[in-house]
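Worksheet: the structure to be examined is printed underneath.
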Amino acid sequence: MIGRHTCTWNIVFLGAALALIETCKAGYLSGEKKVDGSGKNVLVFGGNGFMGASTVQGLIQDGYSVTIVNRGNWYWDSRYRIKPHVHSIICDRKKPLRGCKELLDKLEGLKLHAVVDFSAYGPYEVQQAISTLTAKNVGMYVYISSDSVYEVCIKNHDGPSVETDAVRPTDEDIREEMSSKDSYGNRKLQGEEVLSESVQQGGFPYVALRLPDVVGPRDSTYRWWIYQLWIRMNDYVDKTISLPRYLNNYPMSLVYVEDVAKVILNIIALDESRFETIKNEAFNLAHPETLTLNQLFDGIRERTIDSKFNYTLDESNNAIYLFPSVKKGPINVTKAELHLNWNPTPWETVFSQTVKFYEDVMIEPGYGQQRTEIINILAREIIYENRSLFYKGIQELYNLDLGFHDIKDEL
0 MIGRHTCTWN
10 IVFLGAALAL
20 IETCKAGYLS
30 GEKKVDGSGK
40 NVLVFGGNGF
50 MGASTVQGLI
60 QDGYSVTIVN
70 RGNWYWDSRY
80 RIKPHVHSII
90 CDRKKPLRGC
100 KELLDKLEGL
110 KLHAVVDFSA
120 YGPYEVQQAI
130 STLTAKNVGM
140 YVYISSDSVY
150 EVCIKNHDGP
160 SVETDAVRPT
170 DEDIREEMSS
180 KDSYGNRKLQ
190 GEEVLSESVQ
200 QGGFPYVALR
210 LPDVVGPRDS
220 TYRWWIYQLW
230 IRMNDYVDKT
240 ISLPRYLNNY
250 PMSLVYVEDV
260 AKVILNIIAL
270 DESRFETIKN
280 EAFNLAHPET
290 LTLNQLFDGI
300 RERTIDSKFN
310 YTLDESNNAI
320 YLFPSVKKGP
330 INVTKAELHL
340 NWNPTPWETV
350 FSQTVKFYED
360 VMIEPGYGQQ
370 RTEIINILAR
380 EIIYENRSLF
390 YKGIQELYNL
400 DLGFHDIKDE
410 L
C-alpha cells in the first residue's frame, strides 16, 4: 500500500524538469533496442493528449521527424514532454484542413512515412485527411478507432467481439435505430468505412485499431483517478462506491496506454513487405485478461489503503460507474496476437504504475491544475455530502494546504 505522504513541497513549477527526466529514462517502453526513424516523417493528428502524447514520445525517441496537428492545447506535461521536440501546427479538425495554410505548406512535397490519427471522431475528419494528403506521399495511415463500433452492429454469438462482427444491419430501420443509440460508435465505424472506400479508389493504405476503454497515467477523463482517490478517502468519508448490480463481476476489456503506443510504433517500424500483410485491416487491441469493476476496485485498494473497503450493489438505473463505456462485452484480440505481436503489459505492472502515477501527482509540483480539477470533481459530484471530511482527508493524506480551515458542507 502507499503510505501517507509527510513531505512538504515548495510551490515551484518543475514540469519541464520532470518531463526531461522521464524522456531521458532508458528505453521508452521496455528497454528494447529502438528502431532508427531518422529521415522519416510522421504526421500525427492529435498527439498532445492521453494516447497521442505517449505515442509521440516514442516516435521522438526513435528519431522520427514528427509534426503534430491539433488545436494547441497541451494536456498534463505534454507542453514540456512533447512540444519542444515536434513541429506543432494549430488546426481545428472540425473545419476544412485546406484552410490550414501552415499544414499545407508543411505537406508541400513532403513524403510521409506514416500518419497517425487520434483526433478523427467521424467520417468528416477522415475524409478531410484523405482529400488533403496525397496518396502517393503517404506510406500508411493508422486510424484510432473504438470497440464502440460493435455497438451499432448485430452480434450473432455470445463470445467476445471479433473484427468481423463490425457489420451493420441490412435492415435500414434497425441500422438507423442502432446508430442513433451510439453516435460515437456510429461515427467511428463511418470513419473506417470512408478509409475502406478510399482504398478501393486508390487511396493510401491504412490500419484501424479498435480500442476499448484506455487506462494508465495522464488520462484526461480522470476515470481511474476518480476511483483511486475515492478509495483513498475510505477512512475519511462515508461514501461507499456503488456498483450497478448488472455490472457485478461483469468482464470488460481494457487496454493500457503504453501498450497502445508500443503497437503503433511497431506498425510504423514495419518494412514494406511486412506491412503488406496487415494493411487495410482492423484490429482489436485489449488486454487478453478481462477485468471486472470488482477486480479494478480491489487492485486499487490493495495498493492504496490498509483498511477494509466495501462497495455496494446498486439496483437503480442511475448508479454511478465509469467503466465500461460499451454494453456488448469484451473484445477478442487473437488477430492482433497473430499479426501484430500483441503482448500487453501484465496487469500487476499496469496497476502498480498507474496507481503510483496518480499518487505522485497529488504531491508533485507541476500538476496543480489536475489536482484542483480532480478534487473539485469528487467534492462537487460525488462526495458532496461529506465535503468537509473529504477536504480534511486530502490535506492530511497529501500534506496539501487547500486554503480551508473550518470548512462547512454547505460552502
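Sequential numbering of the sequence shown, starting at 0, is according to numbering that gives the first Met the number 0.
Ideal Cβ positions, reconstructed from N, Cα and C, are used throughout, including at glycine.
For HIS286, the number of other beta carbons within 10 angstroms of its own is at least 16, and it is reported as buried.
Contact check for VAL206 against GLU275 fails: the beta carbons are separated by 8 Å or more. With three or more CB-CB distances shorter than 8 Å, the stretch 186-204 counts as touching the stretch 113-128. ASP146 sits buried, since 16 or more C-beta atoms from the chains shown fall within 10 Å of its C-beta.
When secondary structure is reduced to three states using DSSP, MET177 falls in the helix class.
Short of 8 Å from the beta carbon of ALA378, and not among the five residues preceding or following it, lie these beta carbons of its own chain, in chain order: ARG386, PHE389 and TYR390. According to the DSSP secondary-structure assignment, PRO243 is paired through a beta bridge with ASP313.
Only residues of its own chain outside the window of five on either side were considered, and among them LEU208, LEU210, VAL254 and ALA335 have a CB closer than 6 Å to the CB of LEU284, listed in chain order.
By the Cβ rule, the stretch 150-164 does not count as touching the stretch 103-122, because fewer than three pairs are nearer than 8 Å. Between the C-alpha atoms of ILE89 and PRO364 there is a straight-line separation of about 28 Å.
For ALA260, the enclosing alpha helix (DSSP H) covers residues 256-267. Taking the Cα positions, SER182 is about 42 Å away from ASP305. Between VAL148 and ALA128, the beta carbon gap of about 19 Å keeps them out of contact (Cβ cut-off 8 Å). Classified as exposed, ARG273 has fewer than 16 neighbouring CB atoms from the shown chains inside 10 Å of its CB. When C-beta atoms of the stretch 314-333 are compared with those of the stretch 209-227, three or more pairs fall below 8 Å, so the two segments count as touching. Separation of the CB atoms of TYR310 and THR239 is rounded to 6 Å, and the pair is thereby assigned contact status at 8 Å.
With respect to the C-alpha of GLU358, the residue from VAL236, TRP229, LEU58 and GLU288 having the closest C-alpha is TRP229. By DSSP's assignment, THR289 forms no beta bridge with any residue.
Shown here, VAL151 sits in a helix according to DSSP, grouped into three states.
Scanning its chain for C-beta atoms nearer than 7 Å, with the 5 sequence neighbours on each side dropped, one finds around ARG300 the residues ILE230 and PHE308, in chain order. Taking C-beta atoms as the reference points, VAL43 and VAL55 count as a pair closer than 8 Å. Straight across, the Cα-Cα distance linking LEU246 with GLY138 is about 43 Å. Going by DSSP, PHE282 is part of the beta strand (DSSP E) stretching over 280-283. Within 10 angstroms of the beta-carbon of ILE266 lie 16 or more other beta-carbons, which makes it buried. The stretch 101-150 is shown to contain whole alpha helix (DSSP H) runs of 4 or more residues at 122-131, in chain order. Taking 8 Å as the cut-off, the Cβ atoms of ASP91 and ARG70 count as close. Around the beta-carbon of GLN369, 16 or more other beta-carbon atoms lie within 10 Å, marking it buried. Non-local C-beta neighbours of PRO250 in its own chain, meaning closer than 8 Å and more than five positions away in sequence, comprise THR289, LEU290, THR291, GLY328 and PRO329, ordered along the chain. Apart from sequence neighbours up to five positions away, the residues of its chain that approach CYS152 with a beta-carbon distance below 8 Å are ASP164, ALA165, VAL166, ARG167, PRO168, MET177 and LEU188, ordered along the chain.
DSSP, read as helix, strand or coil, puts VAL41 in strand. A Cβ-Cβ contact shorter than 8 Å links LEU58 with LEU264. Residue state for ARG209 is assigned as strand, using DSSP reduced to three classes. Going by DSSP, ILE374 is part of the alpha helix (DSSP H) stretching over 367-376.
Here the C-alpha atom of LEU401 lies approximately 25 Å from the C-alpha atom of ARG302.
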